[in-house]
Amino acid sequence: MLKITNKTDKPLRRCGIDFQAGETLEVDETKLRTVQVESLKADPALTVTVAAKPKPAKPVVKPAAPEEEPKP
């Protein structure tokens, strides 16, 4: 996730994203091309920060039930 803030006092449109004056938006960088992300980071009118990605929950591994040996 990218947090993008419009630092200007005017609405902007960058890479198909509309920013109101002073607005901060969270944008999923996987929805953008690399060139677009670099363009947003290079724009002096915007502040781009990388939001921490939530860590995926670890799957709970249950121990296997002991197998019963067949009785003769």
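Per our numbering, the very first residue in the sequence shown carries number -17; after that it's consecutive. Note that the Cβ used here is the ideal one computed from N, Cα and C, for glycine as well. Quick caveat, the model's predicted, so the values are computed rather than measured.
Could you check whether residue j and residue i sit closer than 8 Å to each other, using their CB atoms as the reference points?
i: Ile(-14); j: Val17; result: no
i: Leu14; j: Arg(-4); result: no
Leaving aside the five residues before and after residue i along the sequence, list all residues of the same chain whose C-beta is less than 6 Å from its C-beta, in chain order.
i: Thr(-10); result: Ala27
For residue i and residue j, what's the separation of their Cα atoms in angstroms?
i: Leu(-16); j: Glu11; result: 6 Å
i: Leu(-6); j: Phe1; result: 5 Å
i: Val42; j: Lys(-8); result: 49 Å
Leaving out five residues before and five after residue i in sequence, what residues of the same chain have Cβ atoms less than 7 Å from its Cβ?
i: Asp25; result: Arg(-4)
Quick test of your reading: residue i and residue j, contact by CB under 8 Å. State the CB separation rounded to the nearest angstrom.
i: Asn(-12); j: Gly4; result: 6 Å
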